[in-house]
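Counting in the UniProt record's numbering, the sequence shown tops out at residue 446, every number present.
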Amino acid sequence: MNWEQLLSLKRFGDTNKRLRKEQDETRLGFEVDYDRIIFSSEFRGLQDKTQVVPLSKTDFVHTRLTHSLEVSVVGRSLGRRVGQLLLKKHPHLESVHGYKMNDFGAIVAAAALAHDIGNPPFGHSGEKAIGAYFKDGNGSEFKKHLTEKEYQDLCDFEGNANGFKILTESREGREGGLRLSYATLGAFMKYPKESLPKKPSDHIVDKKYGFFQSEKAMFQNIASELGLTKRSDDYVTYQRHPLAFLVEAADDICYTIIDFEDGINLGLIEEEYALEYLINLVRGSIKTENYSALKTTEDRVSYLRALAIGRLINEAASLFMKHEDDILAGKFETALLDVSQYKAQIKDIINISIKNVYRSKEVINKEIAGYKILNQLLESFGEMAHHYFDNKMSNYDKLLFSTLPETVKLSNDSLYQNLLAVCLYISKLSDTNAMLLHKKLQGQIL
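Below is the structure:
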């Protein structure tokens, strides 16, 4: 892979090549990507979606929106730092093509901003709930009507693939979705493979999948334009865009440190016990006089959080440059922070968050409710989508269909497309709206 292709400014529908040196410096193409994402309705919907603690009424707790903004900020800093180092190593990128340090920051920031845009209500349990309906619930009846890969898309419903669909899916008046640059779409794609075969290796790309069968052609077009390296002739899988490692690192840094911070501020993790782990991560950077002057838990945690994030940004940038040749050659097979000198400290913090936050009764009880809500929504809308495909709509189906937004298109041509359309609609619901819709279908509210 080479940076000239990887930094492509091409957008869906372009017929002429976009050159970096011809860009308007007041509003660069990569910065336009950020704007398009942040003004999209799908991004705004993240304000009422779970990050860790579902439906929390506490100001401390992060939603998907605040988490995405923070990951984007970290990603921008990380991208700029790496961009600065890359331009020193590959000066022709600037002298010949006109790329700047901030271009790398803008690409990573935009991709990081969108990294959770496809996540359904109720956090990662929402993904599992949708998958469980098709794998173990009444949705399993659809298997006989679908190809193996189409069915696998639904059984392992994946927020990353759903996000790619949101960013790229054409609809009337919006061809090519948000029409982001291919560089940003490449950086967004952490798992550039289809749903089958499932986890064929321990390579980081094989951990999940990144696009539904409905977006396969779009993905392959983007991968070809970017010059991503193909990994197999038997199925669709490619090496990552190098900047996807930075998007992943920004997300890893934020959820490691900030979910831990949420746990402390919610009282789920004892302060003295927790601060010791943060101090272990930033030892040598703490200014004792400044730290001792802080009087509240929130301020002490905030101070250590800022130091920890700064240290991990520098660490991730250093690791990226150390392994850049292998990354471009497709020989780097793990997340950046998995080879960090701070791996043990990061693992300790994550283990505490798993025990005290992710598995707390508050989180588990609301995830159980989320499972029930999403399963019943899929029962109703999944059957309606099936009956639409078969031309066997009942009066109830017709009433349900009339409640769908105009952007949800069903057809008699593909049951798979109908089921995906329903999943996309449900995935875009906020936690609160999913609950309200569920209550309406149960006849509990009008």
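Virtual Cβ for every residue (Gly too), placed ideally from N, Cα, C.
Helix, strand or coil at K89 according to DSSP, with G and I counted as helix: helix
Rounded straight-line distance, which links the Cα of D413 to that of residue 447: Nothing about residue 447 can be reported from this structure: the residues present for the chain run from 1 to 446 only.
Beta-carbon proximity of Y209 to A244, cut-off 8 Å: no
Closest residue to G83 among L7, G284, L278, A335 (Cα-Cα distance): L7
Reference E271; option with closest CA among R300, S285, V363: R300
Minimum C-alpha distance to A114 - residue among G137, S292, N138, G75: G75
C-alpha distance - L378 paired with D259, whole-angstrom precision: 30 Å
Y238 - partner residues in DSSP beta bridges: K230
The region 211-221 touching the region 38-48, judged by at least three CB pairs closer than 8 Å: no
Three-way DSSP call (helix, strand, coil) for T50 in this model: strand
Separation of L69 from A250, as counted between CA atoms: 11 Å
C-beta atoms of I117 and G177 nearer than 8 Å: no
Length-filtered (4 minimum) alpha helix (DSSP H) runs lying within the region 386-418: 395-403
Residue range of the unbroken alpha helix (DSSP H) whose run includes L437: 431-441
Same chain only: Cβ atoms within 8 Å of Y425, ignoring 5 sequence neighbours per side: F381, L404, P405, V408
Whole-angstrom distance between N433 and L46, CA atom to CA atom: 12 Å
Neighbourhood of G139 by C-beta distance below 6 Å, restricted to the same chain and skipping five residues each side: Y133, G382
Those residues which DSSP pairs with K193 across a bridge: T237
Cβ contact (3+ pairs, closer than 8 Å) linking the region 117-126 and the region 361-369: yes
R300 - DSSP class collapsed to helix/strand/coil: helix
Min CB distance I37 to chain B below 8 Å: Here chain B cannot be found, since the structure has a single protein chain.
Terminal residues of the alpha helix (DSSP H) in which N356 lies: That residue, N356, is in no alpha helix (DSSP H); it is neither H nor E in DSSP.
Exposure of L167, with buried meaning 16 or more beta-carbon neighbours within 10 Å: buried
Pair within 8 Å by beta-carbon distance, G79 and F104: yes
Nearest candidate by alpha-carbon position, reference M384, set S360, L281, L415: L415
Environment of K17 [buried if 16+ CB atoms lie within 10 Å]: exposed
Alpha-carbon to alpha-carbon, Q152 and D397: 26 Å
Straight-line gap, P192 to L281 (C-alpha atoms, nearest Å): 32 Å
Element boundaries [alpha helix (DSSP H), containing S292]: 288-292
Own chain, CB closer than 7 Å to L55, minus 5 neighbours either side, in chain order: With a pLDDT of only 47 at L55, under the threshold of 50, the placement of this residue in the model should not be trusted, and no figure is reported.
Terminal residues of the alpha helix (DSSP H) in which T168 lies: 159-168
Buried versus exposed call for H241 [16 or more other C-beta atoms within 10 Å across all chains shown]: buried
Limits of the alpha helix (DSSP H) - the one that D325 falls within: 324-328
Simplified DSSP state of T63, which is helix, strand or coil: strand
Contact check, A421 vs L410, beta carbons under 8 Å: yes
Beta carbon of A111 nearer than 8 Å to that of E31: no
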